[in-house]
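Novice: In our numbering, the protein residues as written are 9 to 382.
For every residue, glycine included, the Cβ atom is placed at its ideal position computed from N, Cα and C.
These numbers were taken from a predicted model, which means no experiment stands behind them.
Quick one: the structure is below, and I'll ask about it shortly.
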Amino acid sequence: MPPAFSSRSLRQFDAFAKPLKDFRIQTIPGACLSIACIIIIIVLYVWEVTDYLSPAVKQEIIVDISRNRQMSINFDITFPYVPCYVLSVDSMDISGEQHSAITQDVNKTSILVDGSAKSYEADTEKAKALKLKRNANYCGSCYGTGNDDKQCCNTCEAVMEAYRTRGWSVPDPLAFEQCKDEKEVGSLGAIGQEGCRVVGKLEVNKVAGSFHIAPGKSFGEGHVHVHDLMAFAGKQFKLDHQIQRLSFGDTYPGQINPLDNSNMSEPSESPMISYFLKLVPTIYSDLLDTPLVTNQYSATWQIKSTPLTGGSDGIPGVFFNYQISPLLVKLTKERRSFLNFLTNTCAIVGGVYTVAGLLDAFVYRSSSILAKMK
């Protein structure tokens, strides 16, 4: 087969026939369409790149079968009008497990009513004077509550604990020498004139339960949780508070905890403020990191007045009651494949170019017809 014949035959399959340069017509509308076409392609391409680099989050809902694990509760709550020595942190769940007066991983910081940190410089000097007053052989009286005359109660808390051990009602703490001395050095701040910031982490069973921050010395008697408020007889508590943070597990990027940075102001004195939380177990999987097991939650609340003596009407305090959903949400970050990105990019360029060509042909033919009519 001659080469010339082969070349002519092959050219017949060219789907992209090129017109001679002399037959090309360049118009102003065509130039405008070309510029607009380039701008649109650039904008859509940038949009496509941004979408490709921003992984989408895929959501699945399945039944949660991991019911025997523990979960952590992280909280940061400020009480502007209640001193730290008054507040107790306690937790309990439906399995009967109770933890009273929790101190592990719970830090209390005394603050002034305006939220600023309390200065202890003056208190330190008074504490030194108290230390000189109480020499190494000091043995504070237990006021008849001790098992023998040699038992010592050197602190206000030791005296009140001895009263509770005996089952006696605790009178005004300032009736005790130890409490009076500690008030003078600033250990016992006046209720309503000093606040407390409570920051902590609780490890609890992954079952329905509650935790609370409430006034009084807490302890358990059998399966009954008790708060001793006799030491504060006749006093009222203003339980306004700010929740800087409340989460059930670690927080994943973009997670919203509805009670974070919230404020609760209640005009009534010694109220019982109850939050009701619905927890949804969540597993968040990133592209590179290991899956994060946490919980999302929704919240409602109720406030009611309570007598300071407690009883069936409840006790003053802030209570967080939570229930756990039997369903689990899986959030998985997924990035599109590069082939999908490449296909979309080609579709953008080809689609815009084709539409622009159709518009250009329509404009050119319309203008030609109008010119002939004239």
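(1) Do you know how far the Cα of P334 is from the Cα of I69?
(2) Beta-carbon separation of L267 and A307 under 7 angstroms?
(3) Can you grab the Cα-Cα spacing for the pair S42 / V288, in whole Å?
(4) Contact between the stretch 337-357 and the stretch 93-104 is defined here as three or more beta-carbon pairs at a separation below 8 angstroms; is this criterion met?
(5) Start and end of the alpha helix (DSSP H) containing L120?
(6) Residues in its own chain within less than 6 angstroms of S255 by CB, not counting five upstream and five downstream?
(7) What does the alpha-carbon distance come out to for the pair D122 and K312?
(8) Between which residues of its own chain and P56 is the CB-CB distance below 8 angstroms, once the five residues before and five after are set aside?
(9) With DSSP as the reference, identify every bridge partner of D84, one or two as the case may be.
(10) Check the C-beta distance from M100 over to N303 and give it rounded, since I have them as a contact under 8 angstroms.
(11) Tell me which same chain residues have a C-beta within less than 7 angstroms of the C-beta of L295, skipping the five on either side of it?
(12) Find out if the Cβ-Cβ distance for the pair G325, A222 is shorter than 7 angstroms.
(13) So F87 and H235 are in contact, right, with Cβ under 8 angstroms, and what is the actual spacing, rounded?
(14) For T163, which of helix, strand or coil comes out of DSSP?
(15) Using 10 angstroms around the beta-carbon of A39, count the other beta-carbons present and answer buried if the total reaches 16, otherwise exposed.
(16) Report all residues from its chain with a CB closer than 7 angstroms to the CB of K8; omit the five preceding and five following residues, and keep chain order.
(17) Leaving out five residues on either side along the sequence, give the residues of the same chain with a beta carbon under 6 angstroms from the beta carbon of S108.
(18) Check whether the Cβ atoms of Y292 and Y330 sit closer than 7 angstroms, and answer yes or no.
(19) Within this structure, are the beta carbons of Y89 and G224 separated by less than 7 angstroms?
(20) For F346, does the count of other Cβ atoms within 10 angstroms reach 16, so buried, or fall short, so exposed?
(21) For Q67, list the residues DSSP reports as bridge partners.
(22) Is I291 helix, strand or coil by DSSP?
(23) What residues in its chain sit with their C-beta under 7 angstroms from that of N271, if we drop five residues either side in the sequence?
(24) Within the continuous beta strand (DSSP E) that includes I264, where are the two ends?
(25) If you drop the 5 nearest sequence neighbours on each side, which residues of the same chain put their C-beta closer than 8 angstroms to that of T314?
(26) Which residue or residues does DSSP assign as beta-bridge partners of F327?
(27) Just the C-alpha distance for H233 and D113, rounded to the nearest angstrom, thanks.
(28) Which residues does DSSP pair with W309 in a beta bridge?
(29) Between K286 and V206, is the Cβ-Cβ spacing less than 7 angstroms?
(30) If I measure Cβ to Cβ from V360 and keep anything under 6 angstroms in the same chain, skipping five residues before and after, which residues do I get?
Specialist: So, to answer that:
(1) For the purposes of this step, residue 69 is taken as residue 61 along the sequence shown, with counting starting at 1. For the purposes of this step, residue 334 is taken as residue 326 along the sequence shown, with counting starting at 1. Pairing I69 with P334, the inter-Cα distance amounts to about 10 angstroms.
(2) Here residue 267 refers to the residue found at position 259 of the sequence shown. Here residue 307 refers to the residue found at position 299 of the sequence shown. Contact: yes.
(3) In the sequence shown, counting from the first residue as 1, residue 42 sits at position 34. In the sequence shown, counting from the first residue as 1, residue 288 sits at position 280. Computed Cα separation, rounded: 53 angstroms.
(4) no
(5) Position 112 of the sequence shown, counting from 1, holds the residue named residue 120. First-last for L120: undefined, no H or E at that position.
(6) For this step, residue 255 is matched to residue 247 along the sequence shown. If we look at S255 and ignore the five residues flanking it on each side, its Cβ neighbours are N82 and N265.
(7) Numbered from its first residue, the sequence shown carries residue 122 at position 114. Numbered from its first residue, the sequence shown carries residue 312 at position 304. Each residue's alpha carbon lies about 26 angstroms from the other.
(8) For this step, residue 56 is matched to residue 48 along the sequence shown. For the record, residue 56 in the displayed sequence is Glu; it is not Pro. Exclusion of the five residues before and after E56 leaves F349, N352, T353 and I356 as the residues of its chain whose Cβ lies within less than 8 angstroms of its Cβ.
(9) In the sequence shown, the residue the question calls residue 84 occupies position 76. Beta-bridge pairing links D84 to V207 and R253.
(10) Counting from 1 along the sequence shown, the entry for residue 100 is found at position 92. Counting from 1 along the sequence shown, the entry for residue 303 is found at position 295. Actually they do not touch by this definition, with Cβ atoms about 18 angstroms apart.
(11) To locate residue 295, count along the sequence shown from 1; it is residue 287. The answer, listed in chain order, is P63, K341 and R343.
(12) Working through the sequence shown from its first residue, we reach residue 325 at position 317. Working through the sequence shown from its first residue, we reach residue 222 at position 214. Taking 7 angstroms as the Cβ cut-off, G325 and A222 qualify as a contacting pair.
(13) Residue mapping note: residue 87 aligns to position 79 of the sequence shown, counting from 1. Residue mapping note: residue 235 aligns to position 227 of the sequence shown, counting from 1. Taking C-beta atoms under 8 angstroms as the contact rule, F87 and H235 fail to qualify, at a distance of about 16 angstroms.
(14) Taking the first residue of the sequence shown as 1, we reach residue 163 at position 155. Of the three classes helix, strand and coil, the one that applies to T163 here is coil, per DSSP.
(15) The residue you call residue 39 lines up with position 31 of the sequence shown. Looking at its Cβ environment, which holds fewer than 16 other Cβ atoms inside 10 Å, A39 is exposed.
(16) No answer is possible for residue 8: the residues shown for the chain start at 9 and end at 382.
(17) As a working mapping, residue 108 is identified with position 100 in the sequence shown. If we look at S108 and ignore the five residues flanking it on each side, its Cβ neighbours are D98, S226, F227 and G228.
(18) Locating residue 292 in the sequence shown gives position 284, counting from the first residue. Locating residue 330 in the sequence shown gives position 322, counting from the first residue. Taking the C-beta atoms as reference points, Y330 is found no nearer than 7 angstroms to Y292.
(19) Here residue 89 corresponds to residue number 81 of the sequence shown, with the count starting at 1. Here residue 224 corresponds to residue number 216 of the sequence shown, with the count starting at 1. Contact: no.
(20) For this step, residue 346 is matched to residue 338 along the sequence shown. Classification of F346: exposed, given that the 10 Å Cβ count is below 16.
(21) Position 59 of the sequence shown, counted from the start, is the residue given in the question as residue 67. Q67 pairs with L339.
(22) For the purposes of this step, residue 291 is identified with residue 283 of the sequence shown, where counting begins at 1. In the structure shown, I291 adopts extended strand secondary structure according to DSSP, grouped into three states.
(23) Taking the first residue of the sequence shown as position 1, residue 271 is located at position 263. Cβ neighbours of N271 beyond the five flanking positions: Q250.
(24) The count along the sequence shown starts at 1 and reaches residue 264 at position 256. Taken as a continuous stretch (DSSP letters only), I264 belongs to no beta strand (DSSP E), as it is neither H nor E.
(25) As a working mapping, residue 314 is identified with position 306 in the sequence shown. Only residues of its own chain outside the window of five on either side were considered, and among them S278, P279, M280, D321, G322, I323 and P324 have a CB closer than 8 angstroms to the CB of T314, listed in chain order.
(26) Here residue 327 refers to the residue found at position 319 of the sequence shown. Partner(s): H220 and S282.
(27) For the purposes of this step, residue 233 is taken as the residue at position 225 of the sequence shown. For the purposes of this step, residue 113 is taken as the residue at position 105 of the sequence shown. The alpha-carbon atoms of H233 and D113 are separated by roughly 21 angstroms.
(28) Position 301 of the sequence shown, counted from the start, is the residue given in the question as residue 309. Answer is Y283, bridged to W309.
(29) Position 278 of the sequence shown, counted from the start, is the residue given in the question as residue 286. Position 198 of the sequence shown, counted from the start, is the residue given in the question as residue 206. No.
(30) One-based indexing of the sequence shown puts residue 360 at position 352. Correct list, in chain order: C45, I48 and I49.
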